[in-house]
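Notes follow once the structure below has been shown.
Set out below in structure tokens:
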């Protein structure tokens, strides 16, 4: 069963998920974290912890950069004009047309002009049979991920069948490169055209500079200038056409004139002819590889390893797995929502970490002393525990709850309406079945202090009797001092600095009421005063219960 999160506990959960997933920096870490819903069964939590431990052990052997560099394999779209499929019936025809990768016909007489008749080879109407080149190209274009995936699986599991696929891809690399060059033949030819014209121009300029006026006039008179230019153009074209030989193109594809231009029709015919001669062999080689790869399963493996980034982040955060206990207690917990937080140790209920077992606690202390931050921390640790995850503390014990309820007063929540809504939510949280962790932040601020103390004392008594654990932040510590089922803790402010800022030790002192901000201000003013003014401040200070 899932843990119920009520009130601001839902907000704490959302912020927790966001904070931890950002440490990993990978979208799949967020997806993985969201899949780990908080549980309310000790057996299920322990089972989840074992699963998380196992994944953390795997993640410990890799880095987040290893995992984040893995990318999904994406299949491109392309219509192959070199092949045709002859469908035997309407079902085959419709299925093949939906693939949209080649011509599909019902009559044999239209197939002669195609280099590949798929009907002679395919056993299934699928992408891997009809256009295996697309699968090979998806692998080739993301070869780094394939290599990293093979290495990861070898390191983590001692084997990977991807090593064999990589070997076959290496064997087909040159053929793949040549096929890709066919697609870029026009661009390659245009580049050659530019280089040819540049060299011809430079060569003609050199000829002109090396001839005297008399020599030039003599060549013109003998009609040798045109022949010299034609010869130079032919020489340069022949030199650069050798680069097209790599594509298997030996035809002349440039006009022998100046400036030199591509013979586009000759180029197209040459490329089509050579491509056709490669088509069947390349198709069959790609089909052999594509038949061994399921890209959907491969992408699932990529996602699986990217999700491991969550567990790598948990290792880097140095969280600790808590024990299942009767109460909630932790040593050196750190609030994940605060930069450079002071580690804090605390407990509610029976535990083996502290000699305190009270299930109802009043937390007092100066304003801005860290009381609300401690409630947040308690909530964070308890939620992470119920998710089966390690928690943000050096050591911890956690009770299993059916519900975590967190009441945090909104700044605009005042008046009878706000009081009524808050009281109803508190009573609803305390009532009902199941064991609950109830966190309350300054309830008395939305009603009169005297009434607030009486209401809270009653609610705490009922909650304690039902076995709930309650932590209440309040400035009314004195009003609860006579209740034996309640422990009153205080966050001690050591004083004020010269600018009247609190000097705070955020570690609560168990069993002691914390000093309030007004008390500290009065104390500081008394220390800086003299005479009658000092006596008045001293009298005020005694009102706070100090001599």
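Residue numbers (UniProt numbering): 1 to 547. Yeah, the Cβ is synthetic: ideal placement off N, Cα and C, and Gly gets one too. Quick caveat, the model's predicted, so the values are computed rather than measured.
Which partner residues does residue i have in the DSSP bridge list?
{"i": "residue 472", "result": "362 and 440"}
{"i": "residue 550", "result": "Because the chain spans 1 through 547 in this model, residue 550 falls outside it and cannot be assessed."}
{"i": "residue 493", "result": "504"}
{"i": "residue 347", "result": "329"}
{"i": "residue 396", "result": "330"}
{"i": "residue 254", "result": "262"}
{"i": "residue 102", "result": "80"}
{"i": "residue 2", "result": "39"}
{"i": "residue 86", "result": "105"}
{"i": "residue 7", "result": "406"}
{"i": "residue 391", "result": "320"}
Please state the DSSP three-state secondary structure of residue i.
{"i": "residue 141", "result": "helix"}
{"i": "residue 548", "result": "With the chain covering only 1 through 547, there is no way to say anything about residue 548."}
{"i": "residue 531", "result": "helix"}
{"i": "residue 453", "result": "helix"}
{"i": "residue 406", "result": "strand"}
{"i": "residue 518", "result": "helix"}
{"i": "residue 320", "result": "strand"}
{"i": "residue 116", "result": "strand"}
{"i": "residue 126", "result": "coil"}
{"i": "residue 546", "result": "Because residue 546 sits at a pLDDT of 48, beneath the cut-off of 50, its placement in the model cannot be relied upon, and the following sentence gives the value as read from the coordinates. Here residue 546 sits in coil by DSSP."}
{"i": "residue 216", "result": "A caution first: residue 216 carries a pLDDT of 47, below 50, which makes its placement in the model unreliable, though a value can still be read off. Correct three-state label for residue 216: helix."}
{"i": "residue 62", "result": "coil"}
{"i": "residue 427", "result": "helix"}
{"i": "residue 509", "result": "strand"}
{"i": "residue 111", "result": "coil"}
{"i": "residue 337", "result": "coil"}
{"i": "residue 131", "result": "coil"}
{"i": "residue 498", "result": "coil"}
{"i": "residue 239", "result": "helix"}
{"i": "residue 18", "result": "helix"}
Within 10 Å of its beta-carbon, does residue i have 16 or more other beta-carbons around it, so buried, or fewer, so exposed?
{"i": "residue 283", "result": "buried"}
{"i": "residue 8", "result": "buried"}
{"i": "residue 436", "result": "buried"}
{"i": "residue 371", "result": "buried"}
{"i": "residue 124", "result": "exposed"}
{"i": "residue 42", "result": "exposed"}
{"i": "residue 469", "result": "buried"}
{"i": "residue 69", "result": "exposed"}
{"i": "residue 245", "result": "exposed"}
{"i": "residue 533", "result": "exposed"}
{"i": "residue 56", "result": "buried"}
{"i": "residue 427", "result": "exposed"}
{"i": "residue 617", "result": "As displayed, the chain neither begins before 1 nor continues past 547, which places residue 617 out of reach and without an answer."}
{"i": "residue 205", "result": "exposed"}
{"i": "residue 485", "result": "exposed"}
{"i": "residue 492", "result": "buried"}
{"i": "residue 309", "result": "buried"}
{"i": "residue 3", "result": "buried"}
{"i": "residue 193", "result": "buried"}
{"i": "residue 14", "result": "exposed"}
{"i": "residue 392", "result": "buried"}
{"i": "residue 378", "result": "buried"}
Residues in the same chain with beta-carbon distance under 6 Å from residue i, minus the five sequence neighbours each way, listed in chain order, please.
{"i": "residue 556", "result": "Shown here, the chain extends from 1 to 547; a query on residue 556 therefore has no answer."}
{"i": "residue 216", "result": "For residue 216, the predicted structure reports a pLDDT of 47, less than 50, and the residue's modelled location is therefore unreliable. A value from the coordinates is still provided. Once the five neighbours on either side are set aside, residue 216 has no close Cβ partner at all."}
{"i": "residue 36", "result": "387"}
{"i": "residue 507", "result": "344"}
{"i": "residue 203", "result": "232"}
{"i": "residue 114", "result": "83 and 84"}
{"i": "residue 176", "result": "140"}
{"i": "residue 261", "result": "255"}
Identify, in the order they occur along the chain, each residue of the same chain with its Cβ nearer than 8 Å to the Cβ of residue i, setting aside the five sequence neighbours on each side.
{"i": "residue 147", "result": "166"}
{"i": "residue 16", "result": "336, 380, 383 and 384"}
{"i": "residue 458", "result": "none"}
{"i": "residue 443", "result": "407, 409, 422, 426, 452, 455, 456, 472 and 474"}
{"i": "residue 266", "result": "251, 252 and 253"}
{"i": "residue 269", "result": "251"}
{"i": "residue 560", "result": "This structure gives no information on residue 560, because the portion of the chain shown stretches from 1 to 547."}
Quick one: what's got a C-beta closer than 7 Å to residue i's C-beta in the same chain, skipping five residues either side?
{"i": "residue 434", "result": "402 and 403"}
{"i": "residue 134", "result": "75, 76, 78 and 127"}
{"i": "residue 441", "result": "372, 375, 407, 408, 409 and 473"}
{"i": "residue 537", "result": "522, 525, 526 and 529"}
{"i": "residue 323", "result": "397"}
Would residue i pass as an interface residue toward chain B - the criterion being a Cβ-Cβ separation below 9 Å?
{"i": "residue 240", "result": "No chain B is part of this structure, which consists of one protein chain only."}
Go through the segment 152–195 residue by residue and report every complete run of the alpha helix (DSSP H) that reaches 4 residues or more, in order. 162–183
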